[in-house]
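1 is the number of the first residue of the sequence shown in the UniProt record's numbering; add one for each residue after it. Backbone N, C-alpha and C fix where the C-beta goes; we use that ideal spot for every residue, glycine too.
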Amino acid sequence: MEEGTQVHEQLLLPPRMPEMARSDSSSASSVDQSNTPGIVAPVPVRPRLPSRKSSGTIIVPRESVEAVEPTDVRIDPGDVRAMSPRRTSEDLEALGREARDELRRHAKALQESLLMIFNRIEAVKEEHDKLDSNNKFLQKYIGDLMSTSKITATSSTRGKK
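Given below as structure tokens:
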């Protein structure tokens, strides 16, 4: 039975790693832990990455035929590069024209908005100036009324005495 137990332990437990001597102060213990059986977790193995095709070299010698005359590259229909939209120079010019027209429309709208704000500011300034002059007139009028009421009040009290 003892022999079967050893075989059973060999199948379940991975081989023990050799113990490394520690040099810090916590290794001062004289108890040897190599005799105590323990459960050791297996070291996880990272799966291999799938291999990819090399993108090739980017540097091409100046005298090379590829540098002088571009080659016609055949792209498979399933390739991502075949799925990207191809634009001609006419398409690019039309897109540029549309973008410039849109930019001009936006600038014109901003100028009109700025002009409306400026006109509103001018109207508010005129209204403020008008209210300010009316306020000064009313202050002067009230001051005159107060001074005349004081004069009449002092003269009427003198006459009663």
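Secondary structure of residue 78 (DSSP, three-state): coil. Secondary structure at residue 41: coil, using DSSP grouped into helix, strand and coil.
The DSSP-derived three-state label of residue 63 is coil.
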